[in-house]
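Residue numbers (full-length UniProt numbering): 1 to 111.
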Amino acid sequence: CVFCNQFVEYINHLFLHCNFTSNMWYVIFAWLGVVMLLLQDIQTLYDQVWKCFRDKKVKRLKHLFWHASCRCICNMRNNTIIRNSTFAEPMGCIQQIKSILWQWLLYKRGV
């Protein structure tokens, strides 16, 4: 794993069990006002995100939020491998997620 250098990289470790990404998810869910439980797999994480966006008005945000969060993790991973760059702290990823969400929302509104 490029984030922790302790375990073989596989999907559940990269997105859930790595210390870096698990801390990132805790920060994300705290930002949403939700206490995150220890999750076993990606489907459980997706279900947890779904529960945060039950209101029909913000249902679309669930998909945007999910994709922005996964994109942030993948971008940090790829930049570390390809560009040999260092990755951000979890709060840096939160800022990237917010930025991606705003860009997508503004694009959808034609701004």
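Beta carbons: idealized from backbone N, C-alpha and C, even for Gly.
| query | result |
| --- | --- |
| Can you give me the Cβ contacts of Cys-1 inside the same chain, cut-off strictly under 8 Å, excluding the 5 residues immediately before and after it? | Phe-7, Val-8, Glu-9, His-13, Leu-14, Cys-18 |
| Give every residue of the same chain whose Cβ lies closer than 8 Å to the Cβ of Ile-73, excluding the five residues on either side of it in the sequence, and list them in chain order. | Leu-14, Phe-15, Thr-21, Met-24, Cys-93 |
| Could you please give the first and the last residue of the uninterrupted alpha helix (DSSP H) stretch that includes Cys-1? | Note, Cys-1: premise wrong, no alpha helix (DSSP H); not H, not E. |
| How would you call Leu-38, buried or exposed, if buried means at least 16 neighbouring beta carbons within 10 angstroms? | exposed |
| Judging by CA-CA distance, which residue of Val-27, Ile-42, Val-34 is the nearest neighbour of Glu-89? | Val-27 |
| Quick one: grab the DSSP three-state call for Gly-110. | coil |
| Quick one: give me the first and last residue of the alpha helix (DSSP H) that Val-34 is part of. | Val-34 -> no alpha helix (DSSP H), and no H or E assigned at all. |
| Pick from Lys-51, Trp-102, Leu-61, Ile-42: whose alpha carbon is nearest that of Val-35? | Lys-51 |
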